[in-house]
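Q: Here you go, one structure.
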Amino acid sequence: AGIVYAGSRANTEKLADALSAAGVPALAYHAGLDAATRAQRQEAFIRDDARVMCATIAFGMGIDKSNVRFVVHWDVPRSLEGYYQETGRAGRDGLPAECAWFFAYGDIARVERFIAEKPEGEQAAAREQLERIKRYAYSNDCRRRELLAYFGETYPHEHCGGCDNCLQPRASFDATVDAQKLLSCVYRVREAHGYGVGITHVIDVLLGAKTEKIERWFHERLSTYGIGKDRDRRTWRHLADELLRLGLIAQDPERHNVVSLTEAGKRALVQRTPIEVRQAVAPVAVRRGRSAPAPVPGDEDYDRDLFAALRMLRREIAAERDVPPYVVFSDAVLRAMARDVPRTPAQLRAISGVGEKKLADFGARFLATIAENAG
1 AGIVYAGSRA
11 NTEKLADALS
21 AAGVPALAYH
31 AGLDAATRAQ
41 RQEAFIRDDA
51 RVMCATIAFG
61 MGIDKSNVRF
71 VVHWDVPRSL
81 EGYYQETGRA
91 GRDGLPAECA
101 WFFAYGDIAR
111 VERFIAEKPE
121 GEQAAAREQL
131 ERIKRYAYSN
141 DCRRRELLAY
151 FGETYPHEHC
161 GGCDNCLQPR
171 ASFDATVDAQ
181 KLLSCVYRVR
191 EAHGYGVGIT
201 HVIDVLLGAK
211 TEKIERWFHE
221 RLSTYGIGKD
231 RDRRTWRHLA
241 DELLRLGLIA
251 QDPERHNVVS
261 LTEAGKRALV
271 QRTPIEVRQA
281 VAPVAVRRGR
291 SAPAPVPGDE
301 DYDRDLFAAL
311 RMLRREIAAE
321 RDVPPYVVFS
331 DAVLRAMARD
341 VPRTPAQLRA
351 ISGVGEKKLA
361 DFGARFLATI
371 AENAG
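Following our numbering, the numbering of the sequence shown begins with 1 at its first residue and continues without gaps.
Now the structure itself:
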């Protein structure tokens, strides 16, 4: 099971619909639903009837579900405190779990627009929270160390070995030539257009694209038109994100994210300052069947078919007793069964989490399922 956090009610509904269409049982959960529907969906998640809950931050408080295998943030978290609390809902059974955050600089601009709509007295605190989130998102340091340090705790190791920065450190490289092209294009387009344009249009000019806006505004006449044809769109998008991170260009959230040079960007352009940026994260191609669960890191030594059969039995027993599945046995116990393949009551009892009462109540049925499905 997993939780996908989104920043709006509309996004929770869209994500749940997309996952369901892809064969993954998913439900949306947000404050716009009536109390009865929220309670029903919460119960479905606890009982494993819904594999994924797509939710706003309203979901998760007081949820007693230990086998959450992943937490995904589709949108920017409201605060580091919220991010820490929400990611902490994964892996409470002690088994490995994964957390992912889909992030692009455009997400920050959307949050900035949202902050601008808040009462003036609330904007300063909200912007400070956003700055902390930005620093965390763009950091190259161990994320566990950084997150614990924010809360005044000390992590005793330099690397946690589990976050993206520790698993896949990103080297920096000299991008001065391409950065000069992008900075110059931002300047030329803004000078020609006056009002300003978004970063997508700037990249279109660099690539020499023939769009309606370029033709309408005669931007094919600019000296920077087509000077970036030797790079693809993804490369220019990454470089733009890096220049935003470095404070050399800026987006105005109150003017449809039009992009402009900052004072630092103007100096870098005129003085041809060397500019180093981080390498882009390589895209990952996922090729997996619709209903096949993702492998859990570091836990490959158990019979997956047997584990699936044990989960089905657990669900049957839970339905009979009208209790959540984890009350019967946790995922950790089922994995241990699928790993050790006990054949006798004594062997089953030796597994941590199988007490005398559960052995008496469920032991025979689980041993029968093991006998039928073990290889």
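Where a beta carbon is used, it is the ideal one built from N, C-alpha and C, also for glycine.
For Cys-423, which residues in the same chain have their Cβ closer than 8 Å to its Cβ, ignoring the five residues on either side in sequence?
A: Because residue 423 is not part of the residues shown, which for the chain are 1 to 375, the question remains open.
Q: Look at the alpha carbon of Phe-103 and the alpha carbon of Arg-113, and state the distance between them as a whole number of angstroms.
A: Walking along the sequence shown from the start, residue 103 turns up at place 103. Walking along the sequence shown from the start, residue 113 turns up at place 113. When rounded, the distance between both Cα atoms is 17 Å.
Q: Kindly give me the distance between the Cβ atoms of Leu-207 and Arg-237, rounded to whole angstroms, as I take these residues to be in contact under 8 Å.
A: For the purposes of this step, residue 207 is taken as the residue at position 207 of the sequence shown. For the purposes of this step, residue 237 is taken as the residue at position 237 of the sequence shown. In fact, because the Cβ distance is near 11 Å, the residues do not count as touching under 8 Å.
Q: Are three or more beta carbon pairs between the segment 266-282 and the segment 208-223 nearer than 8 Å?
A: Segments in contact, no.
Q: Looking at the unbroken alpha helix (DSSP H) that takes in Cys-166, where does it start and where does it end?
A: Your numbering for residue 166 matches position 166 in the sequence shown. Element bounds for Cys-166: 164-167.
Q: For Leu-167, which residues from the same chain have a beta carbon less than 8 Å from its beta carbon, with the 5 sequence-adjacent residues on both sides left out?
A: Mapped onto the sequence shown, residue 167 falls at position 167. Excluding positions up to five away in sequence, the list reads Gly-161.
Q: Please list, in chain order, all residues of the same chain as His-193 whose beta carbon is under 7 Å from its beta carbon, the five residues on each side excluded.
A: Start at 1 with the first residue of the sequence shown, and residue 193 comes out as number 193. Cβ neighbours of His-193 beyond the five flanking positions: Trp-217.
Q: Leaving out the 5 sequence neighbours to the left and right, which residues in its chain are closer than 8 Å to Val-197 when beta-carbon positions are compared?
A: Here the question's residue 197 lines up with position 197 in the sequence shown. Excluding positions up to five away in sequence, the list reads Val-189, Arg-190, Lys-213, Val-258, Val-259.
Q: Taking the alpha helix (DSSP H) that Gly-106 belongs to, which residues open and close that run?
A: In the sequence shown, the residue the question calls residue 106 occupies position 106. That run of the alpha helix (DSSP H) goes 105-116.
Q: Compute the distance between the beta-carbons of Val-71 and Cys-54, then report whether it is under 7 Å.
A: One-based indexing of the sequence shown puts residue 71 at position 71. One-based indexing of the sequence shown puts residue 54 at position 54. Going by C-beta atoms, Val-71 is not nearer than 7 Å to Cys-54.
Q: Identify every run of the beta strand (DSSP E) within the segment 13-70, keeping only runs that are complete inside it and at least 3 residues long; order them along the chain.
A: Those beta strand (DSSP E) runs which fall completely within the segment 13-70 and span 3+ residues are 26-29, 52-55.
Q: So which of Gln-279, Ala-39, Asp-107 has the shortest CA-CA distance to His-256?
A: Along the sequence shown, read from residue 1 onward, the residue named residue 256 stands at position 256. Residue Asp-107 is the option with its Cα nearest to His-256.
Q: Classify Phe-329 as buried or exposed, calling it buried when 16 or more other Cβ atoms lie within 10 Å of its own Cβ.
A: Here residue 329 refers to the residue found at position 329 when the sequence shown is read from its first residue. When all chains shown are included, Phe-329 counts as buried.
Q: Quick one: grab the DSSP three-state call for Leu-80.
A: Reading the sequence shown from its first residue, position 80 is the one you call residue 80. Of the three classes helix, strand and coil, the one that applies to Leu-80 here is helix, per DSSP.
Q: Pairs of beta-carbons, one from the segment 42-49 and one from the segment 299-308, closer than 8 Å: are there three or more?
A: Verdict: no, contact absent.
Q: Do you know how far the Cα of Leu-15 is from the Cα of Ala-240?
A: As a working mapping, residue 240 is identified with position 240 in the sequence shown. As a working mapping, residue 15 is identified with position 15 in the sequence shown. Looking at the two C-alpha atoms, the distance is approximately 27 Å.
Q: Check the DSSP bridge columns for Gln-347 and list the partner residues they point to.
A: The sequence position of residue 347 within the sequence shown is 347, counting from 1. For Gln-347, which the question treats as bridged, DSSP gives no partner whatsoever.
Q: Write down every uninterrupted run of the beta strand (DSSP E) in the segment 207-231 whose length is 3 residues or greater and which is fully enclosed by it, in chain order.
A: None, since the segment 207-231 contains no complete beta strand (DSSP E) of that length.
Q: So what does Ala-250 bridge to, in DSSP terms?
A: Working through the sequence shown from its first residue, we reach residue 250 at position 250. DSSP output for Ala-250 lists Ser-260 as bridge partner(s).
Q: Indicate the three-state DSSP secondary structure (helix, strand or coil) for Glu-153 in the structure shown.
A: Within the sequence shown, the letter at position 153 stands for residue 153. If DSSP states are grouped into helix, strand and coil, Glu-153 belongs with coil.
Q: Any idea if His-157 is buried or exposed, counting beta-carbon neighbours within 10 angstroms, 16 or more meaning buried?
A: Here the question's residue 157 lines up with position 157 in the sequence shown. Result: exposed.
Q: May I ask you to list the residues that DSSP assigns as paired with Ala-100?
A: One-based indexing of the sequence shown puts residue 100 at position 100. In DSSP, Ala-100 forms a bridge with Val-72.
Q: To the nearest angstrom, how far is it from the Cα of Phe-307 to the Cα of Asp-331?
A: In the sequence shown, counting from the first residue as 1, residue 307 sits at position 307. In the sequence shown, counting from the first residue as 1, residue 331 sits at position 331. Whole-angstrom Cα-Cα distance: 9 Å.
Q: By Cβ distance below 7 Å, which residues in the same chain neighbour Ala-18 in space, the five residues on each side in sequence not counted?
A: Here the question's residue 18 lines up with position 18 in the sequence shown. Closer than 7 Å at Cβ, skipping near neighbours: no residue.
Q: May I ask you to verify whether the segment 73-88 touches the segment 21-39, counting CB pairs closer than 8 Å and requiring at least 3?
A: No, they do not touch.
Q: Does DSSP put Ile-3 in a helix, a strand or coil?
A: Taking the first residue of the sequence shown as position 1, residue 3 is located at position 3. DSSP places Ile-3 in strand when its eight states are reduced to three.
Q: When DSSP builds the beta bridges, which residues end up paired with Phe-329?
A: What you label residue 329 is simply residue 329 of the sequence shown in a count that begins at 1. BP columns for Phe-329 are empty, so no partner.
Q: For a test of the three-state rule: what should DSSP assign to Asp-340, helix, strand or coil?
A: Here residue 340 refers to the residue found at position 340 of the sequence shown. Reduced to three states, the DSSP call for Asp-340 is helix.
Q: What does DSSP give as the partner residue(s) for Val-281 in the beta ladder?
A: The residue given as residue 281 occupies position 281 in the sequence shown. In the DSSP output, where bridge partners are listed per residue, Val-281 has none listed.
Q: Tell me whether Asp-141 sits in a helix, a strand or coil according to DSSP, three-state version.
A: What you label residue 141 is simply residue 141 of the sequence shown in a count that begins at 1. Here Asp-141 sits in coil by DSSP.
Q: Are the CB atoms of Leu-183 and Gly-265 within a distance shorter than 7 Å?
A: Mapped onto the sequence shown, residue 265 falls at position 265. Mapped onto the sequence shown, residue 183 falls at position 183. Against a cut-off of 7 Å, the Cβ pair of Leu-183 and Gly-265 comes out as a contact.
Q: Alpha carbons only, please: which of Ala-10, Lys-229, Arg-135, Leu-359 is nearest the one belonging to Gly-32?
A: Working through the sequence shown from its first residue, we reach residue 32 at position 32. Nearest of Ala-10, Lys-229, Arg-135, Leu-359 to Gly-32, Cα basis: Ala-10.
Q: Using CA coordinates, which residue listed in Pro-325, Ala-280, Asp-252, Ala-97 is at the minimum distance from Ala-116?
A: One-based indexing of the sequence shown puts residue 116 at position 116. When only C-alpha atoms are compared, the closest one is Asp-252.
Q: Might you give, ordered along the chain, the residues of its own chain that have their beta carbon closer than 6 Å to the beta carbon of Gln-123, omitting 5 neighbours on each side?
A: On the sequence shown, residue 123 is found 123 positions in, with the first residue counted as 1. The answer, listed in chain order, is Ile-115.
Q: Leaving out the 5 sequence neighbours to the left and right, which residues in its chain are closer than 6 Å to Tyr-155 when beta-carbon positions are compared?
A: As a first step, residue 155 is located in the sequence shown; it is residue number 155 there, counting from the start. If we look at Tyr-155 and ignore the five residues flanking it on each side, its Cβ neighbours are Arg-144, Arg-145, Leu-148.
Q: Within a Cβ cutoff of 8 Å, which residues of the same chain sit near Leu-222, ignoring the five residues on either side of it in sequence?
A: Position 222 of the sequence shown, counted from the start, is the residue given in the question as residue 222. Cys-185, Arg-188, Val-189, Ala-192, Val-205.
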